[in-house]
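Written below as structure tokens is the structure these notes are about.
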Amino acid sequence: MSKAESIRVYYREHPDATYKEVAEALNLEEGFVRSNVYRDINQYKICVRKEDGSLDYEFYYKADEEKKEFLTYTKEVLLELVEQLRSANRRETDSNQIRLNCKEIRSLLQEIAKL
Numbered sequence: 008m009s010k011a012e013s014i015r016v017y018y019r020e021h022p023d024a025t026y027k028e029v030a031e032a033l034n035l036e037e038g039f040v041r042s043n044v045y046r047d048i049n050q051y052k053i054c055v056r057k058e059d060g061s062l063d064y065e066f067y068y069k070a071d072e073e074k075k076e077f078l079t080y081t082k083e084v085l086l087e088l089v090e091q092l093r094s095a096n097r098r099e100t101d102s103n104q105i106r107l108n109c110k111e112i113r114s115l116l117q118e119i120a121k122l
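122 is the number that the numbering used here gives the last residue of the sequence shown; the numbers go up by one with no jumps.
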């Protein structure tokens with residue numbers, strides 16, 4: 008886990024923590040913590056400072072969970088397409104069509120492996 012990620016995790020568990028508390032808990036410099044939080048708020052837009060001064064990283068974690076769910080769904084769809092092509096190949100008699108289906112299956116499997 009990177010230092011920036013460890014800061015995010017700490018603030019998720021302790022949203023009211025000060026820069027100094029986080030720096031001491033994670034054995035980092037206070038300026039480093041301050042700059043990472045500033046970057047998360049202004050540049051990456053993954054953190055929000057609430058009215059009471061606490062930090063909210065929920066958007067960051069929610070987006071990460073949604074991305075994982077989307078990748079899982081994408082894999083399911085691609086696997087379903089592979090199965091449809093395999094089923095079509097079992098019934099197909101034209102060798103050219105079988106070859107094209109096999110090529111497409113291979114392409115889909117490579118795409119699934121990348122996910």
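Yeah, the Cβ is synthetic: ideal placement off N, Cα and C, and Gly gets one too. Keep in mind the model is a prediction, meaning the values are calculated, not measured.
Nearest candidate by alpha-carbon position, reference residue i, set the options
i, options, result
"leucine 78", "Ala30, Leu122, Ser13 and Glu65", "Leu122"
"threonine 81", "Ala120, Lys52 and Ala32", "Ala120"
Secondary structure of residue i, DSSP reduced to three states
i, result
"leucine 122", "coil"
"leucine 62", "strand"
Extent of the continuous alpha helix (DSSP H) to which residue i belongs
i, result
"glutamine 50", "From DSSP, glutamine 50 is part of no alpha helix (DSSP H); its letter is neither H nor E."
"serine 13", "10-20"
"alanine 32", "26-33"
Burial state of residue i (16 or more Cβ within 10 Å)
i, result
"alanine 30", "buried"
"cysteine 109", "exposed"
"asparagine 103", "exposed"
Original post:
For the stretch 90-105 against the stretch 57-75, are there 3 or more C-beta pairs whose distance is under 8 Å?
Top reply: no
Original post:
Are the stretch 73-87 and the stretch 30-40 in contact at 8 Å, needing three or more beta carbon pairs?
Top reply: no
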